Amino acid sequence: LCPAVPLKDMKLMDVKLGQLPTWLAMRDYTPGGIVGAVRRAAFWFGKFNFLLKLLVQVWSSPISVFFLGDTKGKLQRSAPAQPPHPLRSPLPGWRPLSSSQAARTAAGGGQREIEGGGCAEAVGEEEDDDEGVEFGTLSSKFSSRKYYHKTTSRFKDLKLQDEGEDEPERKPRRGPKNTPYWYFLQCKALIKDDKLAEALEMFEVQMLKEECVRPTESNYTVLIGGCGRVGYVKKAFRLYNDMKKRGLTPSEATYTALFNACAESPWKDSGLQSALQLRQQLQSKNEELNLITYHALLKVCALCSDLRMCLDVLKEIVHKGHIPTAKTFSFLLMSCIKDSESGFRYALQVWRQMTKLGIKADSHMYNLMLRAARDCGIGDPVVASELLLRPARENSPQLRLTAGRQKEKVKSQRKKGSESAAAVQLDVEAMEKQIFWESLVQPKELIQQQNKDRNQAETEPEALSGPGGAPSRTGALMRRDQNKMEQEQMHLEQKLHFCNLPNLLDSRVPDAAMVSLGTVATPSHRLALMGDVEGFLSKMKQDNAEPNIKTFTLLAELVEPQSPSESSLLALLDERKVKVDVTFFNTLIRKKSKQGDLEGAKSVLPALVKRGLSPNLQTFCNLAIACHQEKDGLQLLSDLKRSGVTPNKYIYSTLIAGAVRQLNYQYLTEILRDMRNNQVPPNEVIIRQLEFAAQYPPKFDRYKSKNSYLEKIDGFRGYYYRWLKVMAGEETPHPWAKYRTAKPADDKNEEDVQDQPGQ
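So the sequence shown is numbered by my numbering: it starts at 4 and just counts up by one.
What follows is the structure in structure tokens.
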């Protein structure tokens, strides 16, 4: 008798109708159970094996593979024992296979891996069903089928190592590896280290082309700011246009960087034109700018235009409700320095308007005033006396920010009425009218004022003339003695430092005893109007502005040569604990060299070495200014050679200028010979100097008269033209050449044409 078969192991055809619900409830409805049932059906019905392949693809997840292995273990309880597949759940008692053995098993089962679609499927030919297989078992061919999911790089490496094959070369993965913020930090660090070209290459090549990272506004802004610091206007606006094409919204920092690029441009006209076009675009879009962006626009007007345009921008600043600061007036002072004729008077007027607002100046603004005193004149003395020494005229509105102005700003933010805007513009317009007063006043008033001053000045010379207007003997002698008059003028200039002159930097009205200003011709005179060294430094102390080494360097250029103030500069440096540098001593050497005092210039060198400093090439260039004689210039070149220092083009240019002034052609020949020995290429300035020296005078006739200075010009001309053939000239590099990234030759040549000045 056969043993009774449990109900759960019975086939469907053997189940009675009453046992059918119980039998159905005992079935395994898990994915593994369903796949096992299909496998059993496919075994019995081999013609429908395509259904098995389809379902295996559907249930080829790790969960289904796990259940497949579990179900197979249940179905093979009567089959011969076989090792489990490495990717299935191992049965109890079996040791898991190693990765190398699993690779061999996967490779030897008649399967092929499909890598193109990202997943592998088991593909094999189904053999005919074996006859004589017992019921409930699977054939060894069918049970050895391999099912595995997506392969990994680690599994492939293990397979290659086990087979002893070399790993094929693979290209690096070109996916996004870094974030835009990471690129922002990297570009910012490179720009800080003065590596703008590397930052641009990282952004354009690595970020955009290789890794295809979508940039943000900050990535463009940091690069535009780096281009702005070096004046790379064309690249800054290319980045700005690319930024807009990508749909990114520029920020106020972006506009600030663009205006700064225009201000630092090597070609001021082109930079000003680009800035005005950008300003017009922003006005058409009704873009509201902050005070920092307005300061960048003021910088463009100060460096590339004049004071009138700066005042126009100031009107817009005040009209928008911004309060001017010390930095605002510093840009106005920079624009005053552009006027070499009347810039010092303009700077004093702007300074007074600033002090009336209660704004205290900082060290930078004091340094700007010293620059104005060094580089600019005071203009017409009559106009300067009227504007600087007279009290403010009545009914003349000034630029003031009173307590009511703060309320006016709040009102303008809430409701920008026409009355408040007109009042604000009236203040700035009043300031502009006062600065350019001479262009508004009638010519008759100026003539009357000049006649009045002339009548006061003629009261003293009347004593020098005799009765009837005939010149007396004393007056005639004084007019003939020009040297004596020059000496008296020098004595008056020396007494000027000891007079109790008013400090025009003070906001107080000058003393009524000061009638008018005389001829303020030298920088030392203009410094005396600001209190000289002691008064200037005391004024800085009142405003809590600490002088730096740049302040003392500018004072060294302004003080009267060989005066007590010049001698006390080093003591003042030590008193205020300001660290001295080589530039300060170079300034003292340059002043003495311009006076022709070579020994006095050399006497500064021991003080330089005493403070632990070493002379540089600029020091020797300043010494070369005083080398008017041939022996002094050749001795300087000999000392440089003995010290192991090669003279640069600036030293040679200074020596050539001194030799050309004396028409010493033998001296010029020795200088050119030394340049050839040291292989120093001449620049454009040197060539222009030598071409001037090699020309004959316009009306020179060697047969008519003898000129001792031009006797050796023919020998110099012959040597000079031979010297030109063997010396390579220095090419002036393009200002943006070191910041350009590597590009194809065609694009580079096209950009060189576009970057020419005036394009």
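Note that beta-carbon positions come from the ideal geometry of N, C-alpha and C, so glycine has one too. All values derive from a computational prediction rather than experimental measurement.
query                                                                                                                                                                  : result
Under the rule that 16 or more other beta-carbon atoms within 10 Å means buried, what is residue 521, buried or exposed?                                               : exposed
Could you give the residue range of the alpha helix (DSSP H) that holds residue 297?                                                                                   : 294-307
So is residue 352 buried or exposed if we call it buried at 16+ other beta carbons inside 10 Å?                                                                        : buried
To the nearest angstrom, how far is it from the Cα of residue 721 to the Cα of residue 271?                                                                            : 41 Å
Would residue 647 be called buried (16 or more neighbouring beta carbons within 10 Å of its own) or exposed?                                                           : exposed
Can you find the residues in the same chain that come closer than 6 Å, C-beta to C-beta, to residue 362, ignoring five residues on each side of it along the sequence? : 329
Starting from residue 679, trace the alpha helix (DSSP H) in both directions and tell me its first and last residue.                                                   : 668-681
So the alpha helix (DSSP H) residue 567 belongs to, where does it begin and stop?                                                                                      : 567-570
Considering residue 632, what are the terminal residues of the alpha helix (DSSP H) in which it resides?                                                               : Premise fails: residue 632 is in no alpha helix (DSSP H) and is neither H nor E.
Could you check where the alpha helix (DSSP H) with residue 664 kicks off and where it finishes?                                                                       : 652-665
Note down the Cα distance separating residue 571 from residue 375, rounded to an integer number of angstroms.                                                          : 23 Å
Counting C-beta neighbours from all protein chains within 10 Å, is the total for residue 595 16 or more, i.e. buried, or is it exposed?                                : buried
Taking residue 220 as the reference, give the member of 186, 691, 538 and 700 with the closest Cα.                                                                     : 186
Kindly give me the distance between the Cβ atoms of residue 556 and residue 586, rounded to whole angstroms, as I take these residues to be in contact under 8 Å.      : 6 Å
Indicate the three-state DSSP secondary structure (helix, strand or coil) for residue 626 in the structure shown.                                                      : helix
Exposed or buried, which one is residue 437 when buried takes at least 16 other CB atoms within 10 Å?                                                                  : buried
Residue 222 and residue 183 - do their beta-carbons sit closer together than 8 Å?                                                                                      : yes
Over what stretch of residues does the alpha helix (DSSP H) that includes residue 26 continue unbroken?                                                                : 23-28
Any contact between the region 311-319 and the region 342-358? By contact I mean 3 or more CB pairs, one from each, below 8 Å.                                         : no
Would you call the region 726-735 and the region 674-691 in contact, with 3 or more CB pairs under 8 Å?                                                                : yes
Do you know whose CA, among 575, 686 and 203, lies nearest residue 741's CA?                                                                                           : 203
I'd like to check one pair, residue 637 with residue 673: are the Cβ atoms closer than 8 Å?                                                                            : yes
Using 10 angstroms around the beta-carbon of residue 15, count the other beta-carbons present and answer buried if the total reaches 16, otherwise exposed.            : exposed
Closest by CA to residue 356, which one among 196, 370, 391 and 579?                                                                                                   : 391
Express the C-alpha separation of residue 682 and residue 765 in angstroms, rounding to a whole number.                                                                : An answer regarding residue 765 cannot be provided, because it is not within the stretch 4 to 762 covered by the chain.
Within the continuous alpha helix (DSSP H) that includes residue 255, where are the two ends?                                                                          : 255-266
Could you give the residue range of the alpha helix (DSSP H) that holds residue 316?                                                                                   : 310-322
Just to confirm, is the Cβ distance from residue 744 to residue 200 under 8 Å?                                                                                         : yes
Within a Cβ cutoff of 7 Å, which residues of the same chain sit near residue 479, ignoring the five residues on either side of it in sequence?                         : Its pLDDT being 37, under 50, residue 479 is placed unreliably in this model, and the coordinates cannot settle the point.
Between which two residues does the alpha helix (DSSP H) carrying residue 194 extend?                                                                                  : 183-195
Between residue 527 and residue 580, what straight-line distance do the alpha-carbon atoms span, to the nearest angstrom?                                              : 25 Å
Pull up the CB-CB distance for residue 263 and residue 299, whole angstroms please, since I reckon it's below 8 Å.                                                     : 5 Å
Does residue 384 come out as helix, strand or coil in the three-state DSSP assignment?                                                                                 : helix
Which word fits residue 274, buried or exposed, when buried means at least 16 other C-beta atoms lie within 10 angstroms of its C-beta?                                : buried
Sorted by chain position, which residues of the same chain lie with C-beta nearer than 7 Å to residue 366's C-beta, five sequence neighbours on each side aside?       : 548, 549, 550, 551 and 554
How close, in whole Å, do the beta carbons of residue 574 and residue 604 come, if the pair is a contact with beta carbons under 8 Å?                                  : Incorrect: roughly 20 Å between the Cβ atoms, too far for contact.
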